[in-house]
């Protein structure tokens, strides 16, 4: 799998979540080592940001949307932004 294909898998997982919300399934996709391995070509900051976003999503799921300071909708939008930036970084390589 190439880095571009890995990003496509993550984008598809976000799309699937939009159609049928299942946060644990989304988090599994975004933490799948096999899918993420090709993304090691990106600067380390990309992995750090991805992990931080997933950690916040974990907290939002654990505490519920209303009682957590992290909005799942905002975090999902940030994951889409992360994908866009990662794709742009790959295009520059």
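In my numbering, the protein residues as written are 2 to 94. Each residue gets a CB set at the ideal place from its N, CA and C atoms; glycine is no exception.
Would residue i pass as a contact of residue j if the rule is Cβ separation under 8 Å?
| i | j | result |
| --- | --- | --- |
| residue 84 | residue 61 | no |
| residue 54 | residue 79 | yes |
| residue 87 | residue 43 | yes |
| residue 11 | residue 31 | yes |
| residue 4 | residue 91 | yes |
Using DSSP with H/G/I as helix, E/B as strand and the rest coil, what is residue i?
| i | result |
| --- | --- |
| residue 75 | helix |
| residue 34 | helix |
Could you give the residue range of the alpha helix (DSSP H) that holds residue i?
| i | result |
| --- | --- |
| residue 44 | Premise fails: residue 44 is in no alpha helix (DSSP H) and is neither H nor E. |
| residue 7 | 4-20 |
Am I right that residue i and residue j are in contact with their C-beta atoms under 8 Å? What's the rounded C-beta distance?
| i | j | result |
| --- | --- | --- |
| residue 27 | residue 14 | 6 Å |
| residue 100 | residue 2 | In the structure displayed, the chain extends from 2 to 94; residue 100 sits before or after that span and is not available. |
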